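Novice: The following block contains the structure, expressed as structure tokens.
Numbering (this note's numbering), first residue to last: 4 to 481.
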């Protein structure tokens with residue numbers, strides 16, 4: 004009986020050789036496919052949440068609870084991985100995703116809020132484990148093939164986020180197929196409360212001069228079909244993680260840290276000026292993504308057209324994001340990353356400025372698709388920059404650095420969704436533009452600091468001449 008229990012334990016930990024990843028690419032491929040199924044469901048539900056559960060702001064409040072709970076889980080993420088191991092952490096988190104999907108069959112405050120909190124409590128450890136799986140895989144490949152770690156990380160993150168992006172696309176297509184009866188185009192003018200003037204606190208005026216598109220929830224039968232498919236996706240992800248996911252090597256840093264030391268290490272790492280300068284960029288990209296998922300889908304798609312178009316539009320975003328990840332990874336080898344980041348910043352600023360002056364009408368649907376396609380290109384750059392830079396800048400303390408990224412991302416998400424019911428889209432866009440400007444100024448400061456450090460490490464021309472003279476003297480002596 005003891006041997007049987009040990010076999011079960013080893014299966015969850017990834018096999019008897021619990022300190023190794025058998026193949027450098029195995030963890031990247033397996034965790035990417037597992038995330039594909041689980042996040043096909045989660046990201047699609049998240050994008051629909053604000054449109055499906057508008058009554059009393061249940062949708063955004065549940066997301067606020069989810070990300071509030073993930074603040075706590077981000078603090079304890081390294082300790083959770085130390086206690087459970089990377090593989091069990093992933094399996095438990097995926098199981099909580101399945102429970103969250105079940106609660107959407109009957110969304111009420113007493114069902115959706117508790118499961119959202121539960122999901123938030125495993126979100127930090129899940130994403131920290133994902134980052135560590137990818138980093139461990141990239142490190143082994145870099146050592147084995149004697150390649151630059153930053154280039155390998157870009158490649159590995161490109162693989163993961165490409166599959167992750169396809170997941171959002173597939174989940175969105177599933178919702179569009181099921182909601183196909185609700186894909187209609189409006190006739191005449193749409194409400195002036197769409198676009199930047201869309202606010203959850205507003206009530207639609209009763210006037211015959213304006214025609215409105217119904218944003219009512221689809222029928223319960225259609226919703227049950229959708230959530231049944233998403234639940235099946237989650238269960239497939241759980242099975243893949245249990246059967247195929249290898250073990251995550253536990254670093255010396257994690258082995259030495261208790262829960263309190265883990266939290267202390269995360270906050271103490273903020274004394275690193277580089278991390279402080281880099282974190283606003285991660286916060287900004289996180290907020291931008293939710294502006295797209297929550298507000299753009301509701302104010303620029305569901306409101307003027309119908310909820311049936313959300314899936315198709317977001318599928319085009321996901322497809323573009325996936326293709327762009329591979330293209331940009333290749334381009335990054337030819338030009339400096341800073342140029343790509345500047346391009347992404349300009350694109351995002353231009354788009355958000357456009358949205359400030361855009362009142363969507365019936366003939367603007369092509370512009371909706373163009374907007375999300377361009378946004379998907381920029382978002383690919385942000386993903387590669389953030390998750391490729393952290394392990395290189397903080398190679399000896401990756402865990403607290405990743406924990407900080409997820410902590411501040413969760414905090415910004417909680418604040419965003421907590422205030423979403425009280426702010427109009429116009430206000431949210433202005434805040435997002437301000438965050439973009441601030442984060443880019445700090446990012447430029449970081450690049451200047453790194454450039455100066457590199458120049459200090461290089462030998463001066465006088466030092467090079469002295470070294471050459473010493474080599475000549477040694478040769479003449481010989």
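Positions of the beta carbon are idealized from the N, C-alpha and C atoms, including for glycine.
What you are looking at is a predicted structure, and each value in this text was computed from that prediction instead of being measured.
Go to residue 107, then tell me how far its alpha helix (DSSP H) extends in each direction, as first and last residue.
Specialist: Run containing residue 107: none; DSSP gives neither H nor E here.
Novice: Under 9 Å between the Cβ atoms of residue 166 and residue 39?
Specialist: A contact, by the Cβ cut-off of 9 Å.
Novice: Which residue wins for smallest C-alpha separation from residue 30, given the options 113, 148, 245, 100?
Specialist: Measuring from the Cα of residue 30, the nearest candidate turns out to be 245.
Novice: Tell me which same chain residues have a C-beta within less than 8 Å of the C-beta of residue 276, skipping the five on either side of it?
Specialist: 452, listed in sequence order.
Novice: With DSSP as the reference, label residue 358 as helix, strand or coil.
Specialist: Residue 358 falls in the helix class under three-state DSSP.
Novice: From residue 59 to residue 293, what distance separates their C-alpha atoms?
Specialist: C-alpha separation (whole angstroms): 20 Å.
Novice: Figure out for me which residue from 288, 376, 359, 305 has the closest Cα to the Cα of residue 344.
Specialist: With distances taken between Cα atoms, residue 344 lies closest to 288.
Novice: Taking only the alpha-carbon atoms, compute the straight-line gap between residue 433 and residue 298 and give it to the nearest angstrom.
Specialist: Cα-Cα distance, rounded: 13 Å.
Novice: Between residue 141 and the rest of its own chain, which residues show a CB-CB distance below 7 Å, the 5 nearest in sequence each way excluded?
Specialist: Once the five neighbours on either side are set aside, the close Cβ partners of residue 141 are 152, 155, 156, 159.
Novice: Restricting to Cα atoms, I'd like to know which of 382, 96, 310, 445 is closest to residue 281.
Specialist: Among 382, 96, 310, 445, the Cα nearest to that of residue 281 belongs to 445.
Novice: Any chance the segment 401–412 sits against the segment 299–314, with 3 or more Cβ pairs inside 8 Å?
Specialist: No contact exists between the segment 401–412 and the segment 299–314.
Novice: Would you mind working out which of 428, 89, 335 sits nearest residue 138, comparing C-alpha positions?
Specialist: Of 428, 89, 335, the residue nearest in Cα terms is 89.
Novice: Determine the burial state of residue 133: buried for a count of at least 16 other Cβ atoms within 10 Å of its Cβ, exposed for fewer.
Specialist: Its Cβ being crowded by 16 or more others within 10 Å, residue 133 is buried.
Novice: Let's test the definition: count the other Cβ atoms within 10 Å of the Cβ of residue 303 and tell me whether it reaches 16, buried, or not, exposed.
Specialist: It is buried - the Cβ of residue 303 has at least 16 other Cβ atoms within 10 Å.
Novice: Rounded to a whole number of angstroms, what is the C-alpha to C-alpha distance between residue 234 and residue 43?
Specialist: If you take the alpha carbons of residue 234 and residue 43, they lie about 10 Å apart.
Novice: From residue 337 to residue 331, what distance separates their C-alpha atoms?
Specialist: In a straight line, the C-alpha of residue 337 is about 10 Å away from that of residue 331.
Novice: Near residue 239, which residues of its chain fall below 7 Å by C-beta distance, leaving aside the five closest residues on each side in sequence?
Specialist: Cβ within range, chain order: 40.
Novice: Could you give the C-beta distance for residue 362 and residue 197, rounded to a whole number, given that I count them as a contact under 8 Å?
Specialist: Indeed they touch by this definition, with Cβ atoms about 7 Å apart.
Novice: In terms of residues, what are the limits of the alpha helix (DSSP H) holding residue 484?
Specialist: In the structure displayed, the chain extends from 4 to 481; residue 484 sits before or after that span and is not available.
Novice: Closer than 8 Å: is that where the CB of residue 247 sits relative to any heavy atom of the ligand SAM?
Specialist: Among the ligands in the structure shown, none appear at all, so the ligand SAM cannot be discussed.
Novice: Rounded to whole angstroms, how far is the Cβ of residue 103 from the Cβ of residue 78, which I believe are closer than 8 Å?
Specialist: Wrong, their Cβ atoms sit about 21 Å apart, outside the cutoff.
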